[in-house]
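Colleague:
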Amino acid sequence: MCPEDEFTLFFYIGDENRCSIEEFASATFKDIEQIQSNGIEIDGRKISVKWIMTCDWKALALLRGISGAQCEYFCMWCHCSKKQICDFSIPSWSIQRSKEEQKTLVDSGKKTFGYKDKDLCPFIPYSGMPIDDLHLRIRISLKVFNQLVTWSIDQKSEENLKRELKRVCVSFRMWEEKGDDKLNTKVRKWSQPTGDDLRKIIKDVQIHNILDNQKDRHYVSIESLSVNQLNNRHLSKKGKKPDLVARLKDAIGNNTKLKRNAGSRLQVSYDYSEDEEQDLDVEALQDIWSQFHDLMESLRALPGTENYKDADTFAKEAKEWATEFRKQTFDEDVIPYIHAMVYHVPQFLQKFKYLHDIGVAQVERKNFDHRQAYFGSTNRNGSKRKKHVSKQILERENRMLWSSLYGTVRVKRKYVKSTTEGK
């Protein structure tokens, strides 16, 4: 599929929020529901229509009236909670959400399982809402990339990182900003790669060119310690990493050396000999990247081709990947998209066999084309007729569609230079 195969039903320029969606999209949703109920007739033949829905996590949450990915019941398909998100020993999570359950809980005022508003598209079941492979790939890729950047800062190997990204032809820069605390602490910032660059990074970057297996055994930032290492400081076995970090800072004794490194994060002298996980396993991290790339490429592969993985194979390999990811990194880095990849992507692979064509990759490209049209093919001030920009963009698209259907070719108007008397 290509962007030209995607047709715009309505076009909105503004903030992405619940109120705007209800105001501008409700009529369109009613038309869509009516088409599903009654079908459509083409050349005397009645065709039944069954809609599916796919988009990024935030948009799904807004449309479905469910709390966002940061909330306790984060998942768009099941009742998994944040307390269970890291437990990949759970055999399966079925698609538990339903319009009946949501209506009952919302009408009763109980915001259980993250339901907070009515569903704007109740005619589409949650089992008809496959995960978008584009946003799945981008969000997890950003997580592992930002891990790499953080580790390079901890090891003071930022120049190695810049060289390696330059080698694979990815633009990257780092800078410092003042923090929002009263001490004006400097905060390190860095650019975020595009989706295409992330794909290239995960596939081609050699982590051993950036990081060393051996951590700095003299000083280490508390924030860079894993949960297991924090637990080994005789802290409670329970608790999220920020809580453990705060407790360790409070519990630091007089015999522990402290230093501030150029206004950066608090650092401590740390003896790794007492920990089972003494080193940053660069080879294991490289395997994690490679296996993730293979999983994502399999979602783009057509059934029957070499890279394609069926639902059972994908489920097995995704769970193995997530288990190793958690072992080599931090619990708080297990984001909702990882849960969805392990438990729900296989369910939709079983149902639809191929997810890439029903994802939003081409819609995102369409959005890009619309942005290009906004800057290159519209009068942003409305011109003499004071047309809204969104209307200009849709009219432009309709002209192109009409031209494509009827095989017409637009002829450019001949430019005639105006002449002025006296010149």
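Each residue of the sequence shown is one higher than the one before, counting from 1 in the UniProt record's numbering. Positions of the beta carbon are idealized from the N, C-alpha and C atoms, including for glycine.
Is TRP151 helix, strand or coil when you go by DSSP?
Modeller: helix
Colleague: Among PRO122, ASP87 and SER81, which has the Cα closest to the Cα of GLN36?
Modeller: PRO122
Colleague: What is the DSSP secondary structure of MET174, reduced to helix, strand or coil?
Modeller: Strand.
Colleague: Helix, strand or coil for TRP93? Go by DSSP, reduced to three states.
Modeller: coil
Colleague: May I ask you to report which of helix, strand or coil DSSP gives ARG188?
Modeller: strand
Colleague: Assign TYR115 to one of three DSSP states: helix, strand, or coil.
Modeller: strand
Colleague: Below 8 Å, how does it come out for the region 140-157 and the region 62-74: are there three or more Cβ pairs, yes or no?
Modeller: Contact between the region 140-157 and the region 62-74 is absent, because fewer than three Cβ pairs lie under 8 Å.
Colleague: So, with DSSP's three-state summary, where would you put LYS82?
Modeller: coil
Colleague: Start and end of the alpha helix (DSSP H) containing ILE393?
Modeller: 389-406
Colleague: Name the DSSP bridge partner or partners of ARG45?
Modeller: ILE42
Colleague: For ILE52, name the three-state secondary structure that DSSP assigns.
Modeller: ILE52 falls in the coil class under three-state DSSP.
Colleague: Nearest to THR329 by alpha carbon, out of TRP151, LEU105 and MET129?
Modeller: TRP151
Colleague: Return the CA-CA distance between ILE338 and PHE24, expressed in angstroms with no decimal places.
Modeller: 32 Å
Colleague: By Cβ distance, which residues of its chain are closer than 8 Å to PHE7, with the 5 residues on each side in sequence left out?
Modeller: Counting only Cβ-Cβ distances below 8 Å, and skipping sequence neighbours, we find LEU401.
Colleague: Is ILE210 helix, strand or coil when you go by DSSP?
Modeller: coil
Colleague: In or out: VAL345 buried (at least 16 other Cβ within 10 Å) or exposed?
Modeller: buried
Colleague: Put ILE66 into one of helix, strand or coil per three-state DSSP.
Modeller: strand
Colleague: On the DSSP letters alone, give me the boundaries of the alpha helix (DSSP H) that SER290 sits inside.
Modeller: 282-300
Colleague: Starting from the Cα of LYS162, find the closest Cα among SER298, ILE210 and LYS327 and give me that residue.
Modeller: Put simply, of SER298, ILE210 and LYS327 the residue whose alpha carbon is nearest the alpha carbon of LYS162 is ILE210.
Colleague: For CYS19, which of helix, strand or coil comes out of DSSP?
Modeller: helix
Colleague: For ARG167, report the span of its alpha helix (DSSP H) as first-last.
Modeller: 158-167
Colleague: So, for ALA213: in the same chain, excluding its five sequence neighbours on each side, which residues have a beta-carbon less than 7 Å away from its beta-carbon?
Modeller: The residue asked about is misnamed: residue 213 is Asn in this sequence, not Ala. ASP279, LEU280, ASP281 and VAL282.
Colleague: Rank PRO336, GLU41, ILE52 and LYS351 by C-alpha distance to the C-alpha of PHE29 and give the top, closest one.
Modeller: ILE52
Colleague: Identify, in the order they occur along the chain, each residue of the same chain with its Cβ nearer than 8 Å to the Cβ of PHE172, setting aside the five sequence neighbours on each side.
Modeller: LEU161, LYS162, LEU165, LYS166, TRP190, SER191 and PRO193
Colleague: Judging by CA-CA distance, which residue of GLU101, GLN206 and PRO130 is the nearest neighbour of ILE358?
Modeller: PRO130
Colleague: Count the other C-beta atoms from every protein chain shown that fall within 10 angstroms of the C-beta of residue 447, then say buried if there are 16 or more, exposed otherwise.
Modeller: Because the chain spans 1 through 423 in this model, residue 447 falls outside it and cannot be assessed.
Colleague: Nearest CA to the CA of GLU100: which residue from TYR126, TRP93 and PHE88?
Modeller: The candidate whose alpha carbon is nearest that of GLU100 is TYR126.
Colleague: State the CB to CB distance for the pair ILE13 and VAL389, rounded to an integer number of angstroms; the pair is presumed to be in contact (CB under 8 Å).
Modeller: Indeed, because the Cβ distance is near 6 Å, the residues count as touching under 8 Å.
Colleague: Would you call the CB atoms of CYS78 and ILE95 closer than 8 Å?
Modeller: yes
Colleague: So ALA315 and LEU295 are supposed to be a Cβ contact under 8 Å. How far apart are they, rounded?
Modeller: Incorrect: roughly 11 Å between the Cβ atoms, too far for contact.
Colleague: Taking all protein chains shown into account, do 16 or more other C-beta atoms lie within 10 angstroms of the C-beta of LYS259, making it buried, or fewer, making it exposed?
Modeller: Residue placement at LYS259 is flagged as unreliable, the pLDDT there being 41, under the threshold of 50; a coordinate-derived value is accordingly withheld.
Colleague: Compute the Euclidean distance between the alpha carbons of LEU405 and SER89, then round it to the nearest angstrom.
Modeller: CA-to-CA, the gap between LEU405 and SER89 works out to about 54 Å.
Colleague: So what's VAL205 in DSSP terms, helix, strand or just coil?
Modeller: coil
Colleague: In chain order, what residues of the same chain have a beta carbon less than 6 Å from the beta carbon of LYS203, not counting five sequence neighbours either side?
Modeller: Taken in chain order, the residues that qualify are HIS293.
Colleague: Going by CA-CA distance only, name the one from VAL205, ALA361 and LYS46 that's closest to CYS169.
Modeller: VAL205
Colleague: If we call anything under 8 Å between Cβ atoms a contact, is SER198 one with ILE288?
Modeller: Reading the sequence as shown, one finds Leu at residue 198 and not Ser. Against a cut-off of 8 Å, the Cβ pair of ILE288 and LEU198 comes out as no contact.
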